[in-house]
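Peer 1: Residue numbers (UniProt numbering): 1 to 325.
Glycine included, each C-beta is placed from N, C-alpha and C at the ideal position.
Quick caveat: nothing in here was measured; it's all calculated off a predicted structure.
I have a structure here, written as structure tokens, and I will follow up with some questions on it.
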């Protein structure tokens with residue numbers, strides 16, 4: 001069996017702010033978007049929060065319209081705000097219950113060349129089981145599999161699954177498998193919370209089961225841990241480590257239940273020797289795929305020698321030390 005992991009960075013549509021020339025260009029917008037969403041979700045709007053909302057709305061280009069360059073404010077019912085003729089914004093809602101709507105990122109089509117390259121890579125991997133990161137939805141991944149991969153002469157996967165995660169940007173994790181490896185029972189962890197009641201996973205840590213010919217089961221846990229480029233370093237590292245700790249606990253529960261074949265795949269946004277991934281690689285019997293004797297790196301340099309994004313994508317596939325899938 002050949003297992004692989006690939007960050008597709010969306011298939012057909014991607015948030016416009018995430019398609020800028022560099023991450024640093026889009027980061028301020030994403031941070032303001034996240035903060036405004038947080039404020040809009042509060043049960044009661046204080047005067048201080050209303051003032052901050054106004055500043056964020058202006059910064060996001062929503063002072064005169066509900067549509068900005070990167071963000072759209074959808075107001076379905078109720079009254080959130082008004083825009084006086086002499087300018088400015090007044091928040092008139094007293095809390096979240098006063099209006100129905102949402103703040104969303106505007107999407108734009110993925111470049112055709114990028115789309116074809118993504119399909120070529122997915123085909124050339126010749127994987128029996130492929131974990132994917134940053135897919136917008138199951139219908140999108142299924143359509144990409146059947147239409148784009150096939151159009152380029154590739155063999156489409158037979159089974160496709162994506163479970164909606166916690167990220168509103170349409171960057172979920174999923175699994176594609178070949179004809180001999182149907183996808184069996186699965187479990188989502190979107191609702192897992194820490195001691196403070198906060199969601200642990202930025203996206204999810206779905207457990208996908210794949211029945212094997214010998215009667216046993218392969219479990220693939222697909223992840224996309226907290227990124228380094230969004231938020232402060234200390235906060236990001238702490239959340240990524242907390243996510244790794246939870247993944248390790250989920251993994252250990254499967255091992256304790258007698259499961260022998262488990263792969264933790266995806267994009268971990270850090271190097272194998274990092275402190276944030278220590279719960280996975282130092283506190284369990286998991287090991288980095290790069291260290292497996294049969295791993296073929298295709299001629300690329302070892303982990304840590306490449307750019308951070310490449311490193312995080314390539315090295316984010318793990319196997320248990322005992323057993324071979």
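Should residue 20 be labelled buried (16 or more other beta-carbon atoms within 10 Å of its own) or exposed?
Peer 2: With fewer than 16 other Cβ atoms within 10 Å, it is exposed.
Peer 1: Could you tell me which whole alpha helix (DSSP H) segments of length 4 or greater appear in the region 103 to 130?
Peer 2: Counting only runs of 4 or more, we get 112 to 124.
Peer 1: Please tell me whether residue 39 and residue 49 are closer than 9 angstroms, where the distance is taken between their beta carbons.
Peer 2: Their beta carbons are under 9 angstroms apart, which means residue 39 touches residue 49 by this criterion.
Peer 1: Name the residue from 203, 32, 214, 243 whose alpha carbon lies nearest to the alpha carbon of residue 163.
Peer 2: Closest option to residue 163, Cα to Cα, is 203.
Peer 1: Quick check on DSSP: helix, strand or coil for residue 257?
Peer 2: DSSP places residue 257 in coil when its eight states are reduced to three.
Peer 1: Using the C-alpha atoms, what's the distance from residue 220 back to residue 264?
Peer 2: Going by the C-alpha atoms only, they are around 6 angstroms apart.
Peer 1: Within 8 angstroms, do at least three Cβ pairs link the region 51 to 59 to the region 79 to 94?
Peer 2: They touch, by the three-pair rule.
Peer 1: Which class does residue 304 belong to by DSSP, given the choice of helix, strand or coil?
Peer 2: Bear in mind that the predicted position of residue 304 carries a pLDDT of just 45, short of 50, making it too unreliable to give a figure here.
Peer 1: Taking the alpha carbon of residue 281 as the point to measure from, which residue in 259, 251, 256 has its own alpha carbon closest?
Peer 2: Nearest option by C-alpha distance: 251.
Peer 1: Please report how far the alpha carbon of residue 175 lies from the alpha carbon of residue 100, in whole angstroms.
Peer 2: So the alpha carbons of these two residues sit roughly 34 angstroms apart.
Peer 1: Using the rule of at least 16 other Cβ atoms within 10 Å of the residue's Cβ for burial, across every protein chain shown, is residue 26 buried or exposed?
Peer 2: Residue 26 should be labelled buried.
Peer 1: So what's residue 1 in DSSP terms, helix, strand or just coil?
Peer 2: Residue state, collapsed to three classes: coil.
Peer 1: Are the Cβ atoms of residue 206 and residue 187 separated by less than 9 angstroms?
Peer 2: Cβ atoms of residue 206 and residue 187: closer than 9 angstroms.
Peer 1: With residue 16 as the anchor, note down where its beta strand (DSSP E) starts and where it stops.
Peer 2: First-last for residue 16: undefined, no H or E at that position.
Peer 1: For residue 251, which of helix, strand or coil comes out of DSSP?
Peer 2: Three-state DSSP puts residue 251 in a helix.
Peer 1: So the beta strand (DSSP E) residue 222 belongs to, where does it begin and stop?
Peer 2: Note, residue 222: beta strand (DSSP E), 217 to 224.
Peer 1: For residue 239, which residues from the same chain have a beta carbon less than 7 angstroms from its beta carbon, with the 5 sequence-adjacent residues on both sides left out?
Peer 2: These residues qualify, in order along the chain: 226.
Peer 1: Which residues does DSSP pair with residue 211 in a beta bridge?
Peer 2: Paired residues: 217.
Peer 1: How long is the line joining the alpha carbons of residue 196 and residue 72, rounded to whole angstroms?
Peer 2: Distance between the alpha carbons of residue 196 and residue 72: 31 angstroms.
Peer 1: Rounding to the nearest angstrom, what Cα-Cα distance links residue 274 and residue 146 in this structure?
Peer 2: Computed Cα separation, rounded: 38 angstroms.
Peer 1: Given that a residue counts as buried once 16 or more other Cβ atoms are within 10 Å of its Cβ, and exposed if not, what is residue 304?
Peer 2: Annotation note: pLDDT 45 at residue 304 (below 50); position unreliable, coordinate value reported separately. That one is exposed.
Peer 1: Please tell me whether residue 3 and residue 133 are closer than 9 angstroms, where the distance is taken between their beta carbons.
Peer 2: Contact: no.
Peer 1: Which of the three DSSP states is assigned to residue 93 in this structure?
Peer 2: Residue 93 falls in the coil class under three-state DSSP.
Peer 1: Can you give me the start and stop residues for the alpha helix (DSSP H) that residue 162 sits inside?
Peer 2: Taken as a continuous stretch (DSSP letters only), residue 162 belongs to no alpha helix (DSSP H), being part of the beta strand (DSSP E) at 159 to 162.
Peer 1: At the level of alpha carbons, what is the spacing between residue 95 and residue 166?
Peer 2: Approximately 23 angstroms between the Cα atoms of the pair.
Peer 1: What does a CB cutoff of less than 7 angstroms around residue 216 pick up in its chain, not counting 5 residues either side in sequence?
Peer 2: Correct list, in chain order: 260, 261.
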